[in-house]
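Peer 1:
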Amino acid sequence: KQIDNFQTGLLSAVLIKGENGELIRKSGIMTVVKAGGSIKAGDAIQSIFPEKPYLPLERV
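Residues 18 to 77, numbered by our numbering, are exactly what the sequence shown covers, in order.
#1: Taking the alpha-carbon positions, what's the residue 55 to residue 47 distance?
#2: Provide the residue(s) that pair with residue 40 in DSSP beta bridges, ordered along the chain.
#3: Less than 6 Å between C-beta atoms, sequence neighbours within five positions excluded: which residues of the same chain meet that for residue 41?
#4: For the alpha helix (DSSP H) containing residue 23, list its first residue and its last residue.
#5: Looking at the structure shown, is residue 55 part of a helix, part of a strand, or coil, going by DSSP?
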């Protein structure tokens, strides 16, 4: 319910049911911050994917 407090309907947009009826979560971000400081719109960021195999997200 936390995500729906941010925007109504958001949870249903990021959850789907798999072939066996299991819930598949389609969103989630984990970050590592290498340097502190202020950020603003337009600042560059870099995304580095972990090595495969990718693991499904668990509910928090």
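Virtual Cβ for every residue (Gly too), placed ideally from N, Cα, C.
Peer 2: From the atom records:
#1: Here residue 55 refers to the residue found at position 38 of the sequence shown. Here residue 47 refers to the residue found at position 30 of the sequence shown. Their Cα atoms are separated by approximately 19 Å.
#2: On the sequence shown, residue 40 is found 23 positions in, with the first residue counted as 1. Residue 40 pairs with 34.
#3: The residue given as residue 41 occupies position 24 in the sequence shown. Excluding residues within five positions, the ones whose Cβ falls inside 6 Å are 33 and 35.
#4: Counted from its first residue, the sequence shown places residue 23 at position 6. Per DSSP, residue 23 belongs to the alpha helix (DSSP H) from 19-23.
#5: Along the sequence shown, read from residue 1 onward, the residue named residue 55 stands at position 38. Of the three classes helix, strand and coil, the one that applies to residue 55 here is coil, per DSSP.
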